[in-house]
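Chains as they are written, first to last, in full-length UniProt numbering: chain A, 1 to 523; chain B, 1 to 523.
The beta-carbon is built from N, C-alpha and C at its ideal position, and this holds for glycine as well.
A short write-up of the structure that comes next.
There are 2 protein chains.
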Amino acid sequence: MESKAHSGVFHLLPLGLRVQNKLEALIDTHMQAIGASKTSLSSITTEALWRQSGRYSSNSELLRIKDRRDSGFLLSPTHEEEITALVASMVHSYKDLPLRLYQTGRKYRDERRPRGGLLRAKEFMMKDLYTFDSDSAAALETYEAVRAAYTAIFDALKVPYLVADADSGNMGGKLSHEYHFVSPKGEDTIWCCDSCNYVANEELATKRATNVDEEEDDSYPLVFRGISTDRSTEILIYVPASRSLSSEETPGWESISSYVNLHAVKRALPNDLHLDTGIEASTLSHLLSSATAPTQTISILDPSLSIAPDSSPPPSDPNPTPELTLTSPHPLTPLHPSDPCPICPKGSLDPKKSIEIAHSFHLATRYTHPLNACLSLPPASASPRAPRTPLQMTCHGIGLTRLIAALAALLHDAHGLNWPRALAPWEAVVLPSAGVAAADAEAVYDELAGGGVDVVLDDRPGKALGWKMRDAEGIGYGVVVVMGRGWAGGGREVEVQCRRLGVRRGVGVEGLGGEVGALLERL
Amino acid sequence: MESKAHSGVFHLLPLGLRVQNKLEALIDTHMQAIGASKTSLSSITTEALWRQSGRYSSNSELLRIKDRRDSGFLLSPTHEEEITALVASMVHSYKDLPLRLYQTGRKYRDERRPRGGLLRAKEFMMKDLYTFDSDSAAALETYEAVRAAYTAIFDALKVPYLVADADSGNMGGKLSHEYHFVSPKGEDTIWCCDSCNYVANEELATKRATNVDEEEDDSYPLVFRGISTDRSTEILIYVPASRSLSSEETPGWESISSYVNLHAVKRALPNDLHLDTGIEASTLSHLLSSATAPTQTISILDPSLSIAPDSSPPPSDPNPTPELTLTSPHPLTPLHPSDPCPICPKGSLDPKKSIEIAHSFHLATRYTHPLNACLSLPPASASPRAPRTPLQMTCHGIGLTRLIAALAALLHDAHGLNWPRALAPWEAVVLPSAGVAAADAEAVYDELAGGGVDVVLDDRPGKALGWKMRDAEGIGYGVVVVMGRGWAGGGREVEVQCRRLGVRRGVGVEGLGGEVGALLERL
């Protein structure tokens, strides 16, 4: 299906391209149903535009292009900047809204360690949809319309998937969802409640805060002293210690992630302040005790610690440092399997390895503001001084390459690949044995093709039936129709095989269309 | 249709993408007719592979990718190396041949001066087909099959084009053809005979050698002294001077291109020897007179100079330099309009500005040899010592982006674009005026769609008929069907417009399908 050319770089062979084209067509159908127009943006963008949006420095996976003038071109890993600049130049009236533009194209990423074949490659295929609305309520309506379209797309694959609440992270914005296949090959972890429909990704997952009543009397707070990435602030993190830890063995900075959910800390901190999690203990200790030590302190408390710990400066200090104490709304201790669900009273959480195949973000004005994609309000509310308002944006990606690789990994068995009907390179294949007349093979093909089945006839000369059957198993057609002994003996009966459903049954030509159709319905 | 994002970098908007998709579908039809399979190769390739083929150093238009490891990745301007490496790894039997693989994808080129919009951009869309055969005769059959497919593709556009003999240049190989649209916006020049079907590009064009009889008695040779790019050889070029030049005014090196057809000199020289045409006169003079002056000399003679000029070394020279004298098979003087055709006795040559839209090369073993795409011969001829033979390769490109830009430039008029039927975003548009009932507009649409016309209904609310008509003229649909006064007055007559054919005529609904179909046949 694909061939590895270089580390993280792959070619799609003809059958793989057919699978990808089927997926693209399925996506097109549902994008057009929500009025999205298909475009094709350049894969080349510029440093200048990415500096304007403020994303240039924070992205270490950008591939730069060296041209003869060293002009600062980049290969786009995603197109928020370009589409927003395009919309800013072309949309001049609120009558042009809502605007929904998408494309299916190649994206580029400087993977630190390309691995898992097509699951994580330098170059990959994405569908990316960008939407623009005049206000937040309209943008949320759009967000929900896309969610419905994505549900229709993934339902059509008939493979279970999960929709996880996600952190919008450095994409900016407020609302975010991820679509995952559960798979042991996955590099992501999602946490699912075993009782309600709570699903969240690793960054956003949380658990119910333990009531003070449930705490043991002898629980006491553990304190971790950290520093912000900008070195301006000492950050004190207070979490409850478990009973099994004696007060003598205070864990050091290097083991913080065993005792603290750093994602929860991040969300509890003010937006512009980031805990430096990568710093070494010795450097940290030096920074906190040196002459240039931070002049302000923020304390973050686990919600179970009802009494604010004593962290006031000693009375003798002539320059008391400015202080702020925040109680995190969510527990700061790490999630463990069977932790209580944050939503329902009875459920407990279960971590699952998964492959992320799609992602939605409500970006609000994260890009439209810096790139000046603005409109004046409609006449009714416009006054001579009406300011221009940035458009409300959402974006929605589906990783075609990764989705195909994930399905190949999920559905294959010892004999070869299996594809959902919607993606199979052909829904069915007809395999005549050497003795079958060409006209008979074509009649069987016509019977299926005439009934609307996307079928192919394997009439390659010089290949034995056994070879063709193994080839067909490897490729993963939905249904294999063998014209073998049952036909050759004059019985004019074909064998219909569907490995994924465990079906293998003799059928006459007159019943073939119905039989194959019924099997395909289930794939 | 498209939007310029940066210098030489463009986005395709929805209508432009529809045009490109129509062209891709047209090409797909004719590629599949010759048994070519569609693939999708990565746009990322490596320096190492390009060094192996020997093309790395000679290509100044390669865009390099800077990744975190400085790994020597490139953006492919063309895919001979990658496809040959792929075929080398996958084809193991002559039974797999002929093999014809193609793709439609983005290519990259570090344009020195991006200009002419999409005619010459950093990123552009190409269809590239690569074929592999076991021997030269089979490769030539393939070459002719592709020529027939290209003829069918370009004929379908119903716009005149020319097929020029071309020089295979640094692609290697022996046989080459270019497909051109004649256009004043073109950057190429092709030379056409006004009497026979001789067409050749600038590099390959030649004229009939003037007979000695026709020479004036007082013609005498002009000599230009040059040097090879590797500095090994002095190159003397002898061309006849015109009568108007007195023997006192001998033209210098800097004006050589006014007196000498340098393409013809290149072809007359041995393959591994290249005249340094870019060298400055002072540098050249220094190099030829210095102590390290070339130790060998090649003289290239225009065919009209029947007597070898006296260039033997003076007898006093103790170390005579090795010498070679070659008579060029083609005239070495530059081509001028009305020069005699090299093929037919009566025709004269006419230079035309043109846009190259496609190119075919018989590459032979130029890439299969260095990249080791080889096969053992079939059993009949195999002996225990049968050597592995490199496959015979041809390649064939169509520049989709440039072809679309060229057609837009050729067919547009003061009102907007015009497209060939095969590429129009829609073949026809129905424009109802504000007073027309929605059901009536849909009935007219259905009449056309039901007859197989690719039609769109412009029922955008709040847009006046005049606005829609101007919009439709700009877009360049094949046929515009206006439901205006002739309909509103109860006449139930539409106006069928075809700007390119100068047609504008009232038609009843019952005659509409036939009328529109007949117009589309001519587009």
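Buried or exposed (CB count within 10 angstroms, at least 16 for buried), residue i
| i | result |
| --- | --- |
| N271 of chain B | exposed |
| residue 527 of chain A | No statement about residue 527 of chain A is possible, as the shown extent of chain A runs from 1 to 523 and does not include it. |
| A518 of chain A | exposed |
| H180 of chain A | buried |
| P432 of chain B | buried |
| T292 of chain A | exposed |
| D67 of chain A | buried |
| W467 of chain A | exposed |
| E447 of chain A | buried |
| L326 of chain A | exposed |
| P240 of chain A | buried |
| N261 of chain B | buried |
| L324 of chain A | exposed |
| G16 of chain B | buried |
| P184 of chain B | exposed |
| A443 of chain A | exposed |
Residue range of the unbroken alpha helix (DSSP H) whose run includes residue i
| i | result |
| --- | --- |
| P14 of chain B | 14-33 |
| T78 of chain B | T78 of chain B -> no alpha helix (DSSP H), and no H or E assigned at all. |
| K468 of chain A | 465-475 |
| L519 of chain A | 509-521 |
| L140 of chain A | 136-156 |
| Y259 of chain B | 256-259 |
| V480 of chain B | That residue, V480 of chain B, is in no alpha helix (DSSP H); its beta strand (DSSP E) goes 479-483. |
| R106 of chain B | Careful: R106 of chain B lies outside any alpha helix (DSSP H), inside the beta strand (DSSP E) at 99-108. |
| D440 of chain A | 438-450 |
| R267 of chain A | 262-268 |
Residue i at chain A interface by Cβ criterion, 9 Å
| i | result |
| --- | --- |
| H92 of chain B | no |
| V19 of chain B | no |
| V159 of chain B | no |
| A5 of chain B | yes |
| residue 524 of chain B | This structure cannot speak to residue 524 of chain B, because chain B is shown only from 1 to 523. |
| T131 of chain B | no |
| S53 of chain B | no |
| R112 of chain B | yes |
| K95 of chain B | yes |
| D471 of chain B | no |
Boundaries of the beta strand (DSSP E) in which residue i is found, first to last residue
| i | result |
| --- | --- |
| M393 of chain A | 392-399 |
| S289 of chain B | That residue, S289 of chain B, is in no beta strand (DSSP E); its alpha helix (DSSP H) goes 281-289. |
| H415 of chain B | Element bounds for H415 of chain B: n/a, residue is neither H nor E. |
| L49 of chain B | Not the beta strand (DSSP E): L49 of chain B falls in the alpha helix (DSSP H), residues 47-53. |
| V430 of chain B | 428-432 |
| K252 of chain B | Before going on, a small fix: residue 252 of chain B reads as Gly here, not Lys. Counting along the chain, G252 of chain B falls outside any beta strand (DSSP E), and DSSP gives it neither H nor E. |
| G226 of chain B | 221-227 |
| M125 of chain A | 123-133 |
Rounded distance between the beta-carbons of residue j and residue i, thought under 8 Å
| i | j | result |
| --- | --- | --- |
| L288 of chain B | E254 of chain B | Between E254 of chain B and L288 of chain B the Cβ distance is about 15 Å, and since that is not below 8 Å, they are no contact. |
| V9 of chain A | S42 of chain B | 5 Å |
Residue from the options whose Cα sits closest to the Cα of residue i
| i | options | result |
| --- | --- | --- |
| E80 of chain A | A:K185, A:R55, A:I256 | A:R55 |
| E24 of chain B | B:R522, B:V453, B:T401 | B:T401 |
| I153 of chain B | B:L26, B:L17, B:T295, B:N59 | B:L26 |
| H369 of chain B | B:E356, B:T389, B:S290, B:L377 | B:T389 |
| I300 of chain A | A:I279, A:L284, A:H330, A:G278 | A:H330 |
| P77 of chain A | A:G399, A:K346, A:K352, A:E2 | A:G399 |
| V479 of chain A | A:L417, A:L140, A:A405 | A:L417 |
| P345 of chain A | A:R100, A:L403, A:C193, A:E61 | A:C193 |
| H336 of chain A | A:Q32, A:I190, A:C498, A:L423 | A:I190 |
| A422 of chain A | A:D454, A:L391, A:A434, A:Y445 | A:D454 |
Closer than 9 Å to chain B by CB, residue i
| i | result |
| --- | --- |
| S57 of chain A | no |
| S258 of chain A | no |
| L411 of chain A | no |
| S43 of chain A | yes |
| L371 of chain A | no |
| P14 of chain A | yes |
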